[in-house]
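For reference, the structure is listed below as structure tokens.
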């Protein structure tokens, strides 16, 4: 079914921004941004877009969260059965530097980093309670990968009652077809997929 057919059936309606946003920068870490590593891809253009959003959120005094995936157990037992599917997870062990944030990121003052073990930024973290405490109702989603952690975070954002806004230029994937298909599906069913300009020029409801 193509995009027009989806729209005709009521998919892809606009959720819109709420009253207060937070930015989440998902897993922009060395293990994912070095294309020579098993889980890596070239995300140079996405990092430029993310830095523009970080500066914007800082200017508006809205919260910014960074996430990383890190495994502290030498045998990766804290990754459950996931290593059976992805051997590259070993590059995210705490003994290496794969879980470190990419140094090209413009880290916000009072940087808040959440360590997770799986795809969603909500699963096994206190992101939801932090957003509630900050009075946030809208989550602007950036990072990688579009088909994995970005998608999982957007779906959980919706399920937890936060408006998910995915910024097209600020998310990336190892596979361009997977990236495009995920954005299409997210826009159809779970999130608003918006341009960087739209995210920077956003007007919050009631503002």
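Residue numbers (the UniProt record's numbering): 1 to 207. Think of the CB as a built atom: it goes at the ideal place given N, C-alpha and C, for glycine as much as any other residue.
- Under the criterion of beta carbons closer than 8 angstroms, residue 160 and residue 128 qualify as touching, at roughly 5 angstroms.
- Assigned with DSSP and collapsed to three states, residue 192 falls in strand.
- A buried status is given to residue 151, since no fewer than 16 other beta-carbon atoms sit within 10 Å of its beta-carbon.
- In the three-state DSSP reduction, residue 6 falls in the helix class (H, G or I).
- The straight-line gap separating the alpha-carbon atoms of residue 18 and residue 164 is approximately 10 angstroms.
- Under DSSP, residue 164 takes part in a beta bridge, and its partners are 139.
- In the three-state reduction of the DSSP assignment, residue 117 falls in the coil class, being assigned neither a helical nor a strand state.
- Non-local C-beta neighbours of residue 186 in its own chain, meaning closer than 7 angstroms and more than five positions away in sequence, comprise 151, 154, 166, 193, ordered along the chain.
- Using a C-beta cut-off of 8 angstroms, the segment 42-53 makes no contact with the segment 78-87, since fewer than three inter-stretch Cβ pairs fall below that distance.
- Sequence-distant partners of residue 158 (beyond 5 residues in either direction) whose C-beta falls short of 6 angstroms from its own C-beta, in its chain, are 164, 190.
- When secondary structure is reduced to three states using DSSP, residue 112 falls in the strand class.
- By the Cβ-count criterion, residue 123 is exposed, with fewer than 16 other Cβ atoms from all chains shown falling within 10 Å of its own Cβ.
- Residue pairing by DSSP places residue 124 opposite no residue, since no beta bridge is assigned to it.
- Out of 28, 8, 175, 104, the CA that lies nearest to the CA of residue 114 is found in 28.
- When rounded, the separation of the alpha-carbon atoms in residue 9 and residue 184 is 15 angstroms.
- Distance check between residue 97 and each of 196, 34, 16, 24 places 34 closest, using alpha-carbon atoms only.
- In chain order, 83 place their CB closer than 6 angstroms to the CB of residue 76, counting only its own chain and leaving out the 5 sequence neighbours on each side.
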